[in-house]
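There are 2 protein chains.
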Amino acid sequence: MGRTSDARRKILDAAQSLIELRGYSAPGVAEICKTAGVPKGSFYYFFESKEALALAVLDERWAAQRRDWTRVLTDTTAEPLPRLRRLFEETEAAQLAGQQDCGTVSGCIFGNLSLEISNQTEAVRERLQQIFDAQVDMVEAVIAEALARGELGVTDVREAARSVVAQLEGQVLFAKLYNDARLLGTLWTNCLALLDVHVPEAPAVDA
Amino acid sequence: MGRTSDARRKILDAAQSLIELRGYSAPGVAEICKTAGVPKGSFYYFFESKEALALAVLDERWAAQRRDWTRVLTDTTAEPLPRLRRLFEETEAAQLAGQQDCGTVSGCIFGNLSLEISNQTEAVRERLQQIFDAQVDMVEAVIAEALARGELGVTDVREAARSVVAQLEGQVLFAKLYNDARLLGTLWTNCLALLDVHVPEAPAVDA
Numbered sequence: 429m430g431r432t433s434d435a436r437r438k439i440l441d442a443a444q445s446l447i448e449l450r451g452y453s454a455p456g457v458a459e460i461c462k463t464a465g466v467p468k469g470s471f472y473y474f475f476e477s478k479e480a481l482a483l484a485v486l487d488e489r490w491a492a493q494r495r496d497w498t499r500v501l502t503d504t505t506a507e508p509l510p511r512l513r514r515l516f517e518e519t520e521a522a523q524l525a526g527q528q529d530c531g532t533v534s535g536c537i538f539g540n541l542s543l544e545i546s547n548q549t550e551a552v553r554e555r556l557q558q559i560f561d562a563q564v565d566m567v568e569a570v571i572a573e574a575l576a577r578g579e580l581g582v583t584d585v586r587e588a589a590r591s592v593v594a595q596l597e598g599q600v601l602f603a604k605l606y607n608d609a610r611l612l613g614t615l616w617t618n619c620l621a622l623l624d625v626h627v628p629e630a631p632a633v634d635a
Numbered sequence: 429m430g431r432t433s434d435a436r437r438k439i440l441d442a443a444q445s446l447i448e449l450r451g452y453s454a455p456g457v458a459e460i461c462k463t464a465g466v467p468k469g470s471f472y473y474f475f476e477s478k479e480a481l482a483l484a485v486l487d488e489r490w491a492a493q494r495r496d497w498t499r500v501l502t503d504t505t506a507e508p509l510p511r512l513r514r515l516f517e518e519t520e521a522a523q524l525a526g527q528q529d530c531g532t533v534s535g536c537i538f539g540n541l542s543l544e545i546s547n548q549t550e551a552v553r554e555r556l557q558q559i560f561d562a563q564v565d566m567v568e569a570v571i572a573e574a575l576a577r578g579e580l581g582v583t584d585v586r587e588a589a590r591s592v593v594a595q596l597e598g599q600v601l602f603a604k605l606y607n608d609a610r611l612l613g614t615l616w617t618n619c620l621a622l623l624d625v626h627v628p629e630a631p632a633v634d635a
């Protein structure tokens, strides 16, 4: 069993990094197996198709990212808006670390595959919808908390949450295109504007 | 020369629709030529590489979109903010028309390729940067006009313009993922928030 699990693990690891860097279509099954150091013949023992592999990659990546988002966004020791701010700061730090590791900002694998293949495979589209639904749910819960504290001017909490996540994805697109994770530094200011925040986290001293 | 130009045109048309629907990596040169009805052997007579074809596709698409954006954003018969609103309305209408034509929202080819391959080919990255720079320039000019009229609260006009385009790309991502061009209906409200607009186009009657 040790060897079997190893081979599956190696295929998943290779696929995660190849798909993150080069998208879904570019790396073929043969290249993924070669990178994994696993015979191509064994691929279909573990995955019934390349699409099934992509779904497994998305599940693993989302499980890890959801842990991070949950840790930050449900941290009851912090007030709601500073939790959102921390989410953006950690996103910027993660993209910056990725840039330093591999020389290029690789962006968000969920956004990448949404634009590359969500209109071509219904299974991947459905999985990505579930992932973004969950992201919007988590942001919406924080916005609802801040709204209950009278800190915001938004009326449609769901749409506000979707707009915050859309802004995040749009700025990550620019960070990838310009290969500059620092562009994400604008996320917090834009979030304050999109949510019509009445009580900025740190009031200006001279106000 | 008639036949030669025809073949190049057919390759470009086939590539535009295949790349828009399925991205850069998925359709190979053989499939593009087959769709174009042109012998594969003649491809390299017109384009030195698939990358060169992608650049030609981007140039043609941007030339067409720039004409549309220029018509809307430099229309001196309209005030600045309504011009931005019209840009979003036309974007939504175009995505809706595309959805009705081919059954699926295909999104923005510039955003699609930014996330799929901007980190893999420097020539494409550079071209896409020029295109988004130009988009931000055009939006920035309108924002500067509105600012001069005292209608906005932004301080960094460039960053505000980039944020408006980022929000556009992020919402187009959602429109593609959820296959619902109507999601773009939120762009104008978000633009008003991002620009801290003091004078909404149509003041509420009961205000």
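Sequences listed follow chains A and B, in order. Note that the first sequence covers residues 429 to 635 in our numbering. Note that the second sequence covers residues 429 to 635 in our numbering. Glycine included, every Cβ here is placed at the ideal spot set by N, Cα and C. Note that the structure is predicted; figures quoted are calculated from it, not measured.
Between B:L509 and B:A572, the C-beta gap is not smaller than 8 Å, which leaves the two residues out of contact. In its chain, beyond the 5 residues on either side, E479, L483 have a beta carbon closer than 7 Å to the beta carbon of B:A551. Closest option to B:A609, judged by alpha-carbon separation, among B:W616, B:V600, B:T617: B:V600. The way I'd put it, the region 481-501 of chain B doesn't touch the region 579-598 of chain B; fewer than three beta-carbon pairs between them come closer than 8 Å. What A:T532 touches in chain B, judged by beta-carbon distance under 8 Å, is N547, going in chain order.
Comparing alpha carbon positions, the residue from A:L543, A:L580, A:T519 closest to A:A621 is A:L580. A:S534 is classed as buried because its beta carbon has at least 16 other beta carbons within 10 Å across all chains shown.
Around A:G456, the same chain offers no residue with a beta carbon nearer than 7 Å, after the five sequence neighbours per side are excluded.
Contact note: B:S591 reaches chain A through Q595, G598, Q599, T614, T617, N618, A621, using a C-beta cutoff of 9 Å and chain order.
Straight-line measurement puts the Cα of A:Q444 at about 21 Å from the Cα of A:E518. For the 8 Å CB-CB criterion, A:L605 and B:Q557 form a contact. Excluding its 5 nearest sequence neighbours in each direction, A:E544 has C-beta neighbours in its own chain below 6 Å: G451, Y452, listed in chain order.
A Cβ of chain A is located within less than 8 Å of the beta carbon of B:A454.
Listed along chain A, the residues sitting closer than 7 Å to B:D624 by beta-carbon distance are A621. By the criterion of a C-beta distance shorter than 6 Å, A:W490 is surrounded in its chain by I559, once the five residues flanking it on both sides are discounted. Taking 9 Å as the upper bound on Cβ-Cβ separation, chain B lies near residues L449, R450, G451, Y452, S453, A454 of the region 439-454 of chain A. Under the three-state reduction of DSSP, A:T504 is assigned to coil, being neither helix nor strand. DSSP places A:K468 outside any alpha helix (DSSP H), giving it a letter other than H or E. Between the C-alpha atoms of B:Q595 and B:L615 there is a straight-line separation of about 7 Å.
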